[in-house]
Every structure is written in C-alpha cells, then in structure tokens.
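To keep things clear, I will list the structure first and then write my remarks on it.
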Amino acid sequence: MWFFLLSDTFTFAAFLTTYGFIRHSHHAFTGSHDTFKFSVDYWPVPDKVFNAFPGLHGMDLPLAFVALMTMILILSSVTMVLAVEAGHRMDQKDVQKWLLWTILFGSCFIGSQVWEWTHFIHGTEAGMTLVDGTKIFGANLVQNQYGPPLFADLFFFITGFHGTHVLSGIVLLIIIFINTVNGTYQRRGHYEMVEKVGLYWHFVDLVWVFVFTFFYLV
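Letter 38 of the sequence shown, counting from 1, is numbered 1301 in the working numbering, and no numbers are missing.
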C-alpha cells in the first residue's frame, strides 16, 4: 500500500505541477475584484467561478460549497481513524459503525462533486460574450465561459481524477464493511485490511487539500 501511495503521489504531483506551469503562463486579472468579468484573456478568479450553493440560487457565496465539501472529506478521515482504532480493540460493532459513517461522508462528497460539475458545465445565466459577439454558457473540453479553455480542461481532469480515487475508496470501504459484518476479520484475529484501506483513504483526503489549494485558492 505504501508503494502504491508513493507512486500515486508522484502522479498527482505531476498533474498539479502542470497546472501550476499553465496557470503561470496565463495573465492574471489585475483590476478591482468587484469589476471582474469572465474573459479568455486572463485566468479566472476562483471566488467568481465557485460561488454557487445548492438551493441558494443567485446568492454570491465564494467557495462556501467547496469549503463544505472539504469539511465532509475531513470528517470522513476522522471516522476512518475511529474505525481503525476500533479494529485494534477487536470491536466488530464499532468498526462497522465507523466504516458506515466513512462511506456516508465519502458518498456525500461524491454527490457534492457531481452537483459542482453540473453547475460548472451549465454555467451562469450571464454567460460570457466572445469577441465575435457569440455568447457561451458553462464549460466543456472545447469552450469555457469562465476563461481560457485550459482552465476547464484541467479542472475536469484533476478533480475528476481525484473523484475517481474517492469513488474507488468507497468501493473498497463497502467491501471491507461487508467482510466486517460477516466476521471475516474477527476470525482472522486482526483488522489489518481496515488499516490498509484507511491509509488509502487518508491519502485521498490529503491530496484534496492540495487540489483545493491549487484550484480554489490560487
């Protein structure tokens, strides 16, 4: 597991380094924050891109939803720690309980990311007007309402790659939860598998901190 996580660290580091170089090669918006408008001429300000919140249409809440997603993922790490600790005590019921909470938080994070992607793809009501007068809404791999197309490409690729890791982690958690319910680890006399999957889950949470920093803060 440690070797796998090390190799995955290099992969994420390469992606985020690429993002950093591409971000540095584009102009930054130099005007007042209040006068910012989406344009392909400069990199978008994250506060203006990620300012929506489910059920609060039209309200400007910069990074509020992303902060909620981050808190959910951090809570899932806490419950994963408690599951591992319960495994050390050979407490089958507690392991089940905390694994279930971890699965729930992980699923909430994936659901939140689906909503974020949907909003990002559909775009805002104002859209962005190009030089030729064409108006575009939302983002895809060809055009991007929020700024340079590469911003959308990198967003989809890197957050999608991380989301795939979270989804894989949820599948692993479900498998070990079923094994725990069936008493597999109790019969073995240890819950080492819970600890191994816990390492993977903590890694996924830690990577999100860097993704959050690069995409939403820089």
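Glycine residues also receive a C-beta, built at the ideal position from the N, C-alpha and C atoms.
Alpha helix (DSSP H) segment containing residue i, residue limits
{"i": "Phe-1240", "result": "This structure leaves residue 1240 out entirely; the chain is present only between 1264 and 1481."}
{"i": "Ser-1431", "result": "1412-1444"}
{"i": "Asp-1357", "result": "1355-1385"}
{"i": "Ala-1291", "result": "No alpha helix (DSSP H) contains Ala-1291, which DSSP labels as neither H nor E."}
{"i": "His-1321", "result": "The sequence as given places Gly at residue 1321; His does not occur at that position. Counting along the chain, Gly-1321 falls outside any alpha helix (DSSP H), and DSSP gives it neither H nor E."}
{"i": "Met-1334", "result": "1327-1351"}
{"i": "Gln-1449", "result": "1447-1451"}
{"i": "Asp-1468", "result": "1455-1475"}
Local Cβ density within 10 Å of residue i, reported as buried at 16 or more and exposed below that
{"i": "Leu-1393", "result": "exposed"}
{"i": "Asp-1323", "result": "exposed"}
{"i": "Met-1334", "result": "exposed"}
{"i": "Val-1457", "result": "buried"}
{"i": "His-1425", "result": "buried"}
{"i": "Gly-1369", "result": "buried"}
{"i": "Thr-1298", "result": "exposed"}
{"i": "Leu-1417", "result": "buried"}
{"i": "Leu-1436", "result": "buried"}
{"i": "Glu-1490", "result": "Given that the chain is displayed from residue 1264 to residue 1481, the structure contains no residue 1490 and the question cannot be resolved."}
{"i": "Ala-1346", "result": "buried"}
{"i": "Ala-1415", "result": "buried"}
{"i": "Trp-1265", "result": "exposed"}
Where residue i sits in the DSSP three-state scheme
{"i": "Lys-1300", "result": "coil"}
{"i": "Ala-1389", "result": "coil"}
{"i": "Thr-1397", "result": "coil"}
The ligand ADP heavy atom lying under 7 Å from the CB of residue i
{"i": "Asp-1304", "result": "The ligand ADP is not part of this structure, which contains no ligands at all."}
Beta-bridge pairing of residue i - partner residues as DSSP gives them
{"i": "Ile-1285", "result": "Its beta-bridge partners do not exist; DSSP assigns none."}
{"i": "Asn-1407", "result": "Ala-1402"}
{"i": "Trp-1306", "result": "Ala-1291"}
Is it true that the region 1396-1407 meets the region 1431-1444, where meeting means three or more beta-carbon pairs spaced less than 8 Å apart?
With the cut-off at 8 Å, the region 1396-1407 and the region 1431-1444 do not touch.
The region 1464-1471 / the region 1326-1340 touching (three or more Cβ pairs under 8 Å)
Short answer: they touch.
Are the region 1308-1325 and the region 1421-1435 in contact at 8 Å, needing three or more beta carbon pairs?
Fewer than three pairs of CB atoms, one per stretch, sit closer than 8 Å, so the region 1308-1325 makes no contact with the region 1421-1435.
Would you call the region 1401-1408 in contact with the region 1372-1387, where contact means no fewer than 3 C-beta pairs closer than 8 Å?
Touching, per the Cβ criterion.
Tell me whether the region 1351-1371 and the region 1403-1414 touch, counting them as touching only if at least three CB pairs, one residue from each stretch, are closer than 8 Å.
Touching, no.
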